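In this note's numbering, the protein residues as written are 16 to 459. Every residue, glycine too, gets a C-beta built ideally from N, C-alpha and C. Bear in mind the structure is a predicted one, so any value in this text is a computation, not a measurement. What follows is a single structure, written as structure tokens, with notes after it.
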């Protein structure tokens, strides 16, 4: 005769119930092999790439302010519900498990906060938010929601970035006290396009005049929380909006999300103590093509303080100008006590090369993944962790925005991260946050 299973004590029952509730909402009562139900906000530009990245799941809702972009996405997903206004998606939030946000930068925070409030897993394109205040709100809301999040910095999932992090953390070049990051692109443009846009910038002395709105575009919805202004073709489609302060935050916000990710991750950086920026006279409407920003980060446990300098456009660090390192178009240079490490997206080199030819390397320690999207999807199912979650991405985004704040304020900033304020000048206050347009307020 089979021995009956012992009855659970009240304490054992409570523990098991708590464990079940702690699991991702998608897992509770569902087959691990079942497909996630996703709502995708923003289907053009990066939205198209993100749709491909999550194609293994069920796309149950699509949203875009452009009827043309929406129709193109719906042709491949004919069963998906279609919306033009992402706020309406959440009227039927029970229909989806997770949300992908691929809109223009200035609407990221609102779409993401609505998803977090509904306890949905969220993948949001970089940059996570449009300003410092929003970055802090999203980071806090994600922590409270307890869902799986990922900021769309796809290079974070690359073999090269993960290996560089392992080498730096493994002490191969010794303690790092200085980092230089440089990018040659401007506002998502490059080459002749960027040069022309930079030249045009000089001649923008007033807000561009009104033009007829394309019939497929809902301009009011595209503006979202941004201040009211008439439509002009200089704003859309992306990457045009990157360079306008009301919609994007220039190269720092765009590419800083990718390139500053590597030192942030490898060196466990969070809030800077001070930030100072240099460049042309700030334009009231348009972000600079060239700029340099210097960050001072405090010691982190046994790790020493770090000075990180961002160079964009025509700016380059001294080792590059003096040809003491390979003159890559874009790069991250770590300077340590025992040597240097230079990396771009796909490769890295230890310098001087002869000194490191036979130097021991640490064994791989970070998990590998086939893609940034796959890492997020796997984490929702309880397998592994999303390594660019909103806790990490919030700090990175906040720091990048502070570089632009320092540039626009034209003063060195002393930053009190806990109080989220600049302590030495009021000139920066107006750039830390903004009041959304009526009807587009951020949820409490």
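Which residue marks the beginning of the beta strand (DSSP E) containing residue i, and which one marks its end?
i	result
residue 52	52-56
residue 363	363-366
residue 74	73-78
residue 351	346-351
residue 192	191-198
residue 358	355-358
residue 61	Taken as a continuous stretch (DSSP letters only), residue 61 belongs to no beta strand (DSSP E), being part of the alpha helix (DSSP H) at 61-68.
residue 260	Segment: none, residue 260 is in no beta strand (DSSP E) and carries neither H nor E.
residue 293	289-293
residue 446	No beta strand (DSSP E) contains residue 446, which is instead part of the alpha helix (DSSP H) from 444-447.
residue 428	428-431
Within the same chain, show all residues whose beta-carbon is closer than 6 Å to that of residue i, passing over the 5 residues directly before and after it, in chain order.
i	result
residue 232	81
residue 443	420, 424, 428 and 437
residue 96	76
residue 350	193
residue 417	290
residue 284	312
residue 98	78 and 104
residue 307	293, 326 and 330
residue 138	115, 165 and 391
residue 132	458
residue 168	141, 272, 273, 276 and 403
Return the residue from the list the options that minimises the CA-CA distance to residue i.
i	options	result
residue 191	101, 279, 409 and 396	279
residue 451	363, 74 and 125	125
residue 322	288, 269 and 383	288
residue 298	189, 261, 120 and 345	261
residue 467	350, 331, 85 and 291	As shown, the chain starts at 16 and ends at 459. That puts residue 467 outside it, with no answer to give.
residue 194	368, 388, 334 and 423	334
residue 400	409, 314, 388 and 410	388
residue 390	98, 151, 173 and 106	173
residue 177	60, 72, 263 and 385	385
residue 459	83, 127 and 73	127
residue 339	366, 358 and 329	366
residue 352	169, 62, 189 and 138	189
residue 198	71, 271, 106 and 258	271
residue 395	329, 162, 62 and 269	162
residue 370	63, 187 and 56	187
residue 407	286, 383 and 359	286
residue 304	200, 455, 61 and 171	200
residue 354	342, 372, 412 and 435	372
residue 267	196, 218, 58 and 64	196
residue 328	357, 60, 208 and 67	208
residue 433	410, 357 and 87	410
residue 381	402, 393 and 368	402
residue 237	58, 435 and 422	58
Got a sec? Which residues, its chain only, sit under 7 Å from residue i by beta carbon, not counting five neighbours each side?
i	result
residue 447	146, 147, 148 and 420
residue 405	143, 153, 154, 157, 164 and 166
residue 38	Confidence at residue 38 is low in this model, with a pLDDT of 46, below 50, so the placement of that residue should be treated as unreliable; the coordinate-derived value is given next. Cβ within range, chain order: 397.
residue 250	256, 259 and 262
Hey, residue i and residue j are a contact pair by Cβ (cut 8 Å); roughly how many whole angstroms apart?
i	j	result
residue 51	residue 76	Going by Cβ atoms, the distance from residue 51 to residue 76 rounds to 12 Å, so no, they are not a contact pair.
residue 245	residue 225	3 Å
residue 179	residue 282	So it is not a contact: roughly 11 Å between Cβ atoms.
residue 150	residue 135	No, residue 150 and residue 135 are not in contact; Cβ-Cβ is about 19 Å, not under 8 Å.
residue 70	residue 202	Contact flag wrong, Cβ pair sits at about 29 Å.
residue 415	residue 275	6 Å
residue 170	residue 360	5 Å
residue 222	residue 108	Going by Cβ atoms, the distance from residue 222 to residue 108 rounds to 37 Å, so no, they are not a contact pair.
residue 341	residue 364	7 Å
Quick check on the DSSP output: the alpha helix (DSSP H) that includes residue i runs from which residue to which?
i	result
residue 407	405-424
residue 168	Taken as a continuous stretch (DSSP letters only), residue 168 belongs to no alpha helix (DSSP H), as it is neither H nor E.
residue 388	387-395
residue 174	174-184
residue 274	265-274
residue 113	Per DSSP, residue 113 belongs to no alpha helix (DSSP H); it is in the beta strand (DSSP E), 113-116.
residue 153	147-160
residue 125	123-132
residue 336	333-336
residue 102	101-104
residue 235	234-238
residue 96	Run containing residue 96: none in the alpha helix (DSSP H); it sits in the beta strand (DSSP E), 96-98.
residue 307	Residue 307 -> not in any alpha helix (DSSP H); beta strand (DSSP E) instead, spanning 306-312.
Starting from the C-beta of residue i, find all residues in its chain whose C-beta is less than 8 Å away, skip the five residues before and the five after it, and write them out in chain order.
i	result
residue 439	426, 427, 428 and 429
residue 441	none
residue 73	50, 51, 52 and 53
Please confirm if the region 106-123 is in contact with the region 233-246, defined as three or more CB-CB distances below 8 Å between the two stretches.
Segments in contact, yes.
Could you check whether the region 133-142 touches the region 337-354, counting it as contact only if at least three pairs of C-beta atoms, one from each stretch, sit closer than 8 Å?
No contact exists between the region 133-142 and the region 337-354.
Are at least three pairs of beta-carbons, each pair with one atom in the region 206-218 and one in the region 370-379, less than 8 Å apart?
No, because fewer than three Cβ pairs between the region 206-218 and the region 370-379 fall closer than 8 Å, the two stretches do not touch.
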